[in-house]
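One structure is given below, encoded as structure tokens.
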Amino acid sequence: GDSVTQMEGPVTLSEEAFLTINCTYTATGYPSLFWYVQYPGEGLQLLLKATKADDKGSNKGFEATYRKETTSFHLEKGSVQVSDSAVYFCALKANSGYALNFGKGTSLLVTP
Amino acid sequence: DAGVIQSPRHEVTEMGQEVTLRCKPISGHDYLFWYRQTMMRGLELLIYFNNNVPIDDSGMPEDRFSAKMPNASFSTLKIQPSEPRDSAVYFCASSLDVRQPQHFGDGTRLSIL
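As they're listed, the protein sequences go chains A and B.
With the working numbering as the guide, the letters of the first sequence map in order to residues 176 to 287.
With the working numbering as the guide, the letters of the second sequence map in order to residues 2 to 114.
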């Protein structure tokens with residue numbers, strides 16, 4: 176079945192460092208891919224999405240490119256801030272499906 | 002837009018008690034989803050509705066779990082009787098249609114003692 180694999184956390188970075196959180200997926204066909212962010216005590220918020228190969232999703236300085244050849248959707252940000260500390264979830268939705276299939280989440284801590 | 006509203010935010014109860022979680026989706030959204038989040042299993046889909054009708058409940062763990070959507074603006078997830086292993090954060094989400102992103106509520110943190 177469909178699945179998403181994320182790098183294990185926690186990830187600890189200093190402010191202004193470069194961020195990469197790896198995400199790979201297994202799915203048939205061409206799923207839609209998402210990154211959600213969860214701040215402490217809150218629900219998940221959509222960060223960015225991509226619906227077809229080579230699409231780049233971007234929001235708030237974060238980017239991710241849908242790579243069909245490597246079945247990946249890695250999240251990147253050039254310069255992280257303390258306020259980016261949160262748990263990040265990669266997810267996919269099959270074209271024929273309705274529900275999201277989430278990775279386990281990666282916790283990010285940014286220190287001043 | 003008020004977003005997806007869940008209540009209560011926190012619930013602590015004793016094993017064997019009935020627990021009812023509530024969700025108000027975003028107005029106009031035709032799809033409603035219930036998820037459970039645990040450290041061990043991450044985020045799991047329990048059930049989803051389309052136009053108030055349950056479409057897929059294959060994620061509901063046991064018969065002790067039930068969900069209803071009596072109208073377009075309200076859904077409940079009920080656990081009866083509750084057990085300690087039901088302790089988790091339960092999220093409700095809604096979306097306009099199948100192609101649109103899901104919007105999540107802030108969740109209900111459930112602790113069964």
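We treat Cβ as the ideally placed atom computed from N, Cα and C, and that holds for glycine.
Taking C-beta pairs closer than 9 Å, name the residues in chain A that B:F34 reaches, listed in chain order.
Y273, A274 and L275
Helix, strand or coil at A:V255 according to DSSP, with G and I counted as helix:
coil
Distance, Cα to Cα, B:R110 vs A:K224?
27 Å
Run through chain B and tell me which residues come within less than 8 Å of A:F209, C-beta to C-beta.
P102
Check distances from the C-beta atoms of the region 207-241 of chain A to those of chain B and list, in chain order, the residues that come in under 9 Å.
S207, F209, Y211, Q213, G216, E217, G218, L219, Q220, L221, K224 and T226
Between B:F105 and the rest of its own chain, which residues show a CB-CB distance below 7 Å, the 5 nearest in sequence each way excluded?
V5, F92 and A94
Own chain, CB closer than 8 Å to B:L44, minus 5 neighbours either side, in chain order:
Y36, R37, Q38 and F92
Is the separation between the beta-carbon of B:V20 and that of B:S83 shorter than 8 Å?
yes
Helix, strand or coil: how does DSSP classify B:P55 here?
strand
Ends of the beta strand (DSSP E) at B:Y91?
A89 to S96
For B:L52, is the classification buried or exposed, using 16 other Cβ atoms within 10 angstroms of its Cβ as the cut-off for buried?
According to the sequence as given, residue 52 of chain B is Asn; it is not Leu. The residue in question, B:N52, is exposed, as its Cβ has fewer than 16 Cβ neighbours within 10 Å.
Is it buried or exposed, B:I56, if we count other Cβ atoms within 10 angstroms and call 16 or more buried?
exposed
Applying the 10 Å Cβ sphere with the 16-neighbour rule, what's the burial state of B:Q81?
exposed
My guess is that A:T199 and A:T180 are in contact by the Cβ rule of under 8 Å, so how many angstroms apart are they, rounded?
5 Å
Pick from B:S28, B:A68 and B:P9 that is closest to B:A3, judged by C-alpha positions
B:S28
Given that a residue counts as buried once 16 or more other Cβ atoms are within 10 Å of its Cβ, and exposed if not, what is A:Y205?
exposed
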